[in-house]
Structure formats: structure tokens, C-alpha cells
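One structure is given here, and the rest of the page talks about it.
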Ligand code: BES
Ligand code: ZN
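In my numbering, the protein residues as written are 2 to 619.
As C-alpha cells, this is what we get:
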């Protein structure tokens with residue numbers, strides 16, 4: 002959604018980094034003024050009402066007064082029903098003001114403060130349509146018997162369930178008391194219970210300061226399984242064994258990550274496997290990654306996602322993008338770190354394949370955007386837009402390619418030392434793109450004149466496309482696939498191709514490189530030989546579907562309907578619906594299926610897909 006440049010949003014100042022580097026930056030996606038008064042600690046006391054689809058209770062904010070002349074606290078809210086505000090120990094409520102609602106951004110909540118006010122307590126409830134929260138019917142869960150709820154706060158949805166300074170530049174510790182039906186378990190991005198309590202009351206603490214986008218809650222019929230000394234998995238009982246098997250390498254990944262870039266600073270690392278409507282692959286909620294069940298391929302072939310979310314425990318959760326324009330600092334670094342973890346655990350050939358697929362994603366995105374597009378800079382320009390629009394190949398895959406290029410220019414030893422220092426020196430702080438460029442110059446490039454000449458840093462970050470001299474990816478495992486694609490082009494029967502021992506990523510390369518003008522009988526023969534239309538691997542299935550839709554290949558449609566009405570992961574849904582909408586028949590089919598599927602999607606996916614398929618009328 003493109004919003005008008007919102008003159009209604011006030012200028013907002015956030016501290017870019019620690020006090021030593023107090024270069025203030027505006028966060029164009031928050032009403033808050035944390036340079037005046039900032040949240041230090043949040044205490045939540047909430048009851049979960051599955052009938053009314055509401056959270057209700059209090060949020061008590063402990064404040065840090067930066068500007069002694071400031072007389073009010075400004076918070077972000079969206080669709081919250083504010084009942085009362087109390088200052089410190091006062092028994093009498095204090096007046097407050099809600100600003101005019103701005104689409105996507107919500108409304109400011111302004112609370113006048115006394116000169117000594119240190120705490121405000123806000124009594125509120127969420128609305129059933131709160132965009133962060135998805136309330137699932139029992140039928141949308143694996144067990145089918147109990148309801149479920151989960152939140153997704155990134156990028157600017159925390160404000161739909163907690164009144165807060167919803168800006169990545171503001172960090173606070175938190176605690177929570179959450180009351181749920183007694184037969185359900187509650188978990189958060191915090192220290193978590195491993196079993197149910199008798200009364201359904203759960204208490205949480207997060208003692209490291211985090212930004213609001215990492216606030217998270219899930220409630221459901223969940224079971225815990227240990228994976229190792231400090232890792233485990235939460236899932237619905239019928240999914241737990243499969244999840245435990247699939248994610249068995251988690252502990253190895255943590256060890257590998259620490260060997261690369263320093264100690265894991267968050268205590269435990271657990272993974273919550275959600276019902277299939279979860280709109281993302283994964284979300285790096287501290288201490289508890291939220292994950293889609295579509296990674297449970299049955300052969301551990303999609304666990305790079307765990308490496309990715311784990312890597313965020315450094316890039317993102319320790320060193321955090323100052324605003325959503327700096328998003329590539331979170332995702333580009335994480336994609337690089339993910340690749341290094343995968344290399345350490347599964348070998349260089351595996352990591353090269355991931356790099357190869359990443360490069361293809363990037364080339365396709367650049368082709369879509371066209372030459373010179375502003376949105377192909379690493380440094381984003383999302384002011385006045387939903388920062389959610391920044392989720393794509395530029396931040397992830399161009400960011401990855403840039404860091405890979407730097408790595409190969411300076412050598413791995415030096416680059417790793419640089420990154421280790423960077424995470425250590427900036428832990429629990431906010432990072433701007435400009436500050437990163439300074440650090441890079443100072444700590445790495447100053448002593449490397451030849452590198453600075455080879456890697457045009459400014460053009461990578463503040464320019465479109467891919468500058469020359471980019472790291473070149475040539476996975477040997479893909480060369481073997483290309484050879485078979487050549488044989489297919491020469492008329493060899495699909496069943497006769499030498500595909501034995503191919504892993505998921507080779508198949509993904511195969512499907513992505515398959516010629517668009519495949520003959521109908523060849524397509525059918527491929528499907529007969531390799532069973533793509535029935536693949537239980539979500540990545541392979543969606544790659545096949547994307548190739549088959551433009552050809553009008555009907556045999557896959559019943560499976561596709563099942564997929565679209567179960568899976569809510571936006572990364573799969575968006576390109577599939579886009580492809581369907583390109584022909585009149587496809588569009589009619591898409592609209593019919595979307596009408597059935599839409600109520601089961603999380604608001605994040607609904608918002609994206611409404612713009613593609615059309616919002617429901619009424
Ligand atoms: N932090 C992101 C998800 C996100 C980004 C949510 C921006 C909302 C706004 C997460 O770490 C992520 O990148 N997930 C990917 C995983 C993949 C790259 C391995 C996803 O969901 O597909
Ligand atoms: Zn990520």
C-alpha cells in the first residue's frame with residue numbers, strides 16, 4: 002500500500018546509538034519522541050479472551066526522562082481501546098489524548114506527565130481485528146480441538162496489541178503476566194514455561210532490552226520437546242515429534258554461530274512451530290523463534306530458516322536497524338550469517354547452493370523493478386509507506402551479495418574479525434546505515450586501500466542494481482543440474498534424466514531454470530517422473546506451481562487449492578496469486594479461492610493479497 006507522504010506524522014527523533022554516538026535519526030514510522038521521554042521497562046498484565054478475540058488488561062511503562070522540559074509522553078497505538086491512564090501510584094485517572102488515525106500508522110497516544118512522573122499505567126483492550134494478532138479457530142490447528150493465537154509485531158504491528166514507542170530505536174526490558182484458558186500454554190519472546198500451569202496464569206521476564214517489534218505472544222495446545230542443553234521446540238502435540246526430528250541440528254547451529262561471531266547472549270534458544278497460517282517463514286522473536294510448519298519437509302532440507310532466525314540473535318536483535326530504512330542491516334547481515342552457519346554445519350557446497358538461489362532471487366527482483374529503481378538501493382526509502390514493503394530480495398539478497406563481496410575482497414579472516422567486533426561493540430544498540438559506513442571505513446577499509454578501490458561501498462548502499470565486481474556464485478552442484486536441463490532441451494525423456502541423489506536445492510534450481518515454453522507433454526512427463534504436483538516440500542511445490550500457472554497446467558490446481566486454503570505464508574502466496582491474476586481464467590479461479598482462503602490468513606498476508614486479488618466487498 003502506498004500512502005500519501007504523511008504530513009500528519011510529526012517529526013520524530015530517536016537516538017541512533019548509545020549516548021556516545023547520539024546522532025539523532027528520525028523514525029518516520031513512529032509518533033513517539035523518545036529523545037524526550039523513553040520507555041525503559043514494560044510490565045504487561047493481560048487476560049486472553051478467545052470468545053471475544055481480545056486481550057485486556059494493563060501495560061505499565063517505566064520511563065526515562067531525557068529532556069527535563071518535556072511535559073508529555075507520546076506513544077504509538079493502532080486500534081487499541083484505551084480505557085484509562087494512571088500516573089505512578091495515583092488512584093485517580095489522568096487525562097490523555099488520541100491523535101487522528103492515520104492508515105497503517107494508527108494514532109498517537111499523548112499522556113501529559115508531571116515533572117517527576119516515572120511510570121504510566123494504561124488500562125486497555127485490543128480490538129478483534131488487531132493486525133498483529135491472529136485468532137485461530139480449532140479447525141485451523143493441527144489438533145483441531147483447541148483455539149490458538151499468535152502475534153506478529155514486526156514491522157510496526159506491536160502498536161496494535163501493546164501501547165508503546167513502536168520504533169526499533171527504542172529498547173526496553175519487559176515482564177508479563179498472562180492469563181489463558183487452563184488447558185492452554187502461553188509462550189512469549191522471553192523466559193518461557195515448559196509445561197502448563199494448573200490455573201492458566203503464566204509469568205514472563207525478558208531481562209535484555211529489546212525493541213517493540215520483538216514483542217511476541219502465542220497461546221495454544223503446545224507441548225515442549227528438548228533438542229539439546231539450551232534449545233528445544235514447542236509445537237502442537239501431533240506435530241511435536243516431526244518438529245523435533247526436523248530441527249535436531251539446532252544445537253549444532255548455535256555452536257557454529259558462536260564460533261563465528263561470539264557468544265549467544267540470550268540464554269535459551271527455542272523454536273515455536275506454529276499452525277500453517279503463520280504469515281512468515283520465521284520470525285526472530287528473542288529466545289523463541291516463531292516458525293512456519295512448512296519447513297517440516299521430512300528431510301531437514303529447509304532448516305536454513307532456523308540458521309537465519311538464529312543469526313538474527315546477533316544481526317537484528319543485538320545490533321538493531323535504527324529505522325525501517327536501515328532494514329538491510331538486519332536482513333542482509335542475517336542472510337550472510339545464515340549462509341556461514343549453513344556452511345559450517347553442512348559444508349561449502351551446500352552454502353554455495355543457497356548463495357546461488359539467493360542470486361537468482363535478486364536478479365529476478367531487479368528485473369521486476371527495472372534499471373535504476375530507488376527501491377533497489379540497500380538503504381531504503383519507506384517514509385510514508387508501510388515498511389512491510391521493504392521485505393524482499395533487495396534487503397536480503399543484495400545485502401548478502403554486498404557482504405559476500407566484501408568478504409572475498411578482504412579475506413575471510415579479516416572480515417570475520419571485523420564482524421565479531423561489530424556485534425560486540427554495538428550489542429544492544431541501534432545502528433544506522435550512515436554509522437555502519439563509518440565503522441566499515443574506520444575498522445576495515447582504511448587499512449585496505451586496494452579493497453576500497455575494488456568494492457564501491459557507496460554505490461552498493463546508496464545506488465541501484467548490482468555494482469561491478471560482485472562476488473560470483475557458481476555452485477558445482479547446479480552445474481550438474483544445468484547439464485541435465487541441456488539434455489532435457491535435447492529431447493531426452495524426463496524419466497531418463499540423471500537426477501539421482503539430487504537435494505532440494507538442486508531441484509529448486511532445476512525448477513527455476515526450466516524453460517518457460519516447456520511443451521505440455523514434457524511438463525506432464527516431468528510431473529509423472531518426479532511428482533512435483535504432489536510434493537510435500539513447500540518450496541518445491543510452490544516453485545512448480547509458479548512454473549505451471551502461466552502454462553495453464555490443470556492437474557496441479559486441486560493441490561494448489563488445498564495449499565492456498567491451508568498455508569498462509571506470504572512468501573508463497575504473493576507470487577502464486579500474482580501469477581494467477583495474469584490471465585482471465587486464472588484471475589477468476591484466484592478470486593474464488595481467495596474468497597474461501599482469506600478469512601484464514603493473517604492480516605499481514607491479507608493486506609498484501611487484497612492489493613493483488615482485490616479486497617472483499619462490503
Ligand atoms: N524478520 C524477518 C521477518 C519479517 C521481516 C517480518 C519484516 C516482518 C517484517 C525474518 O527473519 C525473515 O526474514 N523471515 C524469512 C525467513 C527466510 C529468509 C529464511 C521468511 O519469513 O521467509
Ligand atoms: Zn530475517
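From the three backbone atoms N, C-alpha and C, an ideal C-beta is built for every residue, glycine too.
### Task
Would you identify the three-state DSSP class for residue 85, choosing helix, strand or coil?
strand
### Query
How about residue 406 and residue 330: do their beta carbons lie closer than 9 Å?
no
### Message
ligand 1 and residue 605: does the residue's C-beta get closer than 8 Å to at least one heavy atom of that ligand?
### Response
yes
### Message
With a threshold of 8 Å, are at least 3 pairs of Cβ atoms found where one atom belongs to the region 416 to 426 and the other to the region 250 to 264?
### Response
yes
### Query
Cβ of residue 381 within 9 Å of Cβ of residue 326?
yes
### Query
Should the region 74 to 93 be regarded as contacting the region 199 to 211, the criterion being three or more beta carbon pairs within less than 8 Å?
no
### Task
Measure the C-alpha to C-alpha separation of residue 169 and residue 332 and round it to an integer number of angstroms.
14 Å
### Query
What number of angstroms, rounded off, separates the C-alpha of residue 494 from the C-alpha of residue 488?
9 Å
### Segments of 4+ residues assigned as alpha helix (DSSP H) that fall wholly inside the region 532 to 559
539 to 549
#### Entry: Contact set for residue 301: own chain, Cβ-Cβ below 6 Å, skip 5 residues either direction
247
### Task
Compute every distance between the C-beta of residue 1 and the non-hydrogen atoms of ligand 1, then say whether any falls below 8 Å.
Absent from the model: residue 1. The displayed extent of the chain is 2 to 619, so no value can be given.
### Presumed contact (8 Å Cβ cut-off) between residue 171 and residue 35, rounded CB distance
5 Å
### Query
residue 64 to residue 358, Cα distance in whole Å?
46 Å
### Query
Roughly how many angstroms separate the alpha carbons of residue 518 and residue 547, rounded to a whole number?
13 Å
### Query
Within 8 Å: the Cβ of residue 582 and any heavy atom of ligand 1?
no
### Query
Who are residue 293's beta bridge partners in DSSP?
DSSP lists no partner for residue 293.
#### Entry: Cutoff 7 Å; reference residue 606; Cβ partners in own chain excluding five residues on either side
280, 569, 571 and 574
#### Entry: Secondary structure of residue 315, DSSP reduced to three states
coil
### Burial state of residue 222, where buried means 16 or more other Cβ atoms lie within 10 Å
buried
### Query
What's the call for residue 295, buried or exposed, on a 16-neighbour Cβ count within 10 Å?
buried
### Query
Which residues does DSSP pair with residue 271 in a beta bridge?
233 and 289
### Query
According to DSSP, is residue 244 helix, strand or coil?
helix
#### Entry: Backbone secondary structure at residue 377 - three-state DSSP
helix
### Task
Report the option in 556, 220, 604 and 602 whose CA atom is closest to the CA atom of residue 50.
220
### Message
Let me check one thing: in DSSP terms, what residues is residue 136 bridge-paired to?
### Response
150
### Task
Take residue 609 and list the residues in its own chain whose beta-carbon comes closer than 6 Å to its own, dropping the five residues that flank it on each side.
571 and 575
### Query
Can you tell me the Cα-Cα spacing of residue 270 and residue 245, whole angstroms?
14 Å
### Message
Closest to residue 207 by C-alpha separation, out of 178, 598 and 128, would be which residue?
### Response
178
### Message
Just checking residue 385 against ligand 1 - is the residue's beta carbon closer than 8 Å to any of the ligand's heavy atoms?
### Response
no
#### Entry: Distance cut-off 8 Å: residue 230 Cβ against heavy atoms of ligand 1
no
### Task
Report the residue from 237, 589 and 309 whose alpha carbon sits nearest the alpha carbon of residue 146.
237
### Task
With DSSP as the reference, label residue 467 as helix, strand or coil.
coil
### Task
Go ahead and pull the three-state DSSP assignment for residue 322.
strand
### Message
Contact defined as beta carbons within less than 8 Å: I believe residue 335 pairs with residue 349. What is the distance between those atoms, to the nearest angstrom?
### Response
Between residue 349 and residue 335 the Cβ distance is about 20 Å, and since that is not below 8 Å, they are no contact.
### Task
Note down the Cα distance separating residue 289 from residue 414, rounded to an integer number of angstroms.
31 Å
#### Entry: Given residue 339 as reference, the closest of 255, 368, 267 and 324 once Cα atoms are compared
255
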